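Report on one structure; see the data block that follows.
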Amino acid sequence: AKLSVGTSPTADDTLFNARRSITGAINSHGYRDESAHTPGAGSTGYAAFDAEYSMAGGQSYDHFAGFQNRPVFSGSGTITKHRGFWSLPTHAGTGTLTSLQHFYVANAAPSGGGAITTQYGLYVESLTGGASNYAIYTAGTTPSYFGGAVQVSGSFRADGLSAFGNVATNSAYQV
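Per this note's numbering, the sequence shown starts with residue -14, numbered consecutively.
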């Protein structure tokens, strides 16, 4: 079974295909979930997009992506903000959000005898396409916390007040 909306659907095995041509002033979304949910007893959560795909067998695969952001911009105008992932929750109630985590990465622990060679919580390729490039940029004075060791390859620069605790003495260190 296949659900196609629009004209000229692809001939592959895509289950849901939305394909359309839009011209003119728009504020549109390719997929939008406007569900209204009032949880009942026993409710555990809700996911607007849930990728719970199962891969099995002995065949190797090139990739699995639960969510891919691959837009193509070929216009001559300007896009002010292009975001591959945008988290903008609204809290309009009187309840408490105990922990709002805009991006959460859980540990993947092999349980079937297989191995994970390297696990990255966040992997950013070398960014060179902009006039200025930042792998991680935090605005304002919001502090950052790293629970484990932080490795720096290359130079390290600290502007402003810096505190160093438990610094091992080594002739290569200069403060």
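Note that CB positions come from ideal geometry on N, CA and C, so glycine has one too.
Everything numeric in this text was worked out from a predicted model, so none of it was measured.
| Item | Value |
| --- | --- |
| Taking the alpha-carbon of Y122 as reference, which of Y31, T29, V109 and Y105 has the nearest alpha-carbon? | V109 |
| Looking at the structure shown, is N54 part of a helix, part of a strand, or coil, going by DSSP? | coil |
| So, for G69: in the same chain, excluding its five sequence neighbours on each side, which residues have a beta-carbon less than 8 Å away from its beta-carbon? | N54 |
| If A3 sits next to G15, beta carbons under 8 Å apart, how far is it from one beta carbon to the other, in whole angstroms? | 6 Å |
| Is DSSP giving F1 helix, strand or coil here? | strand |
| Tell me, please, which residues DSSP counts as bridged to S(-11). | N2 |
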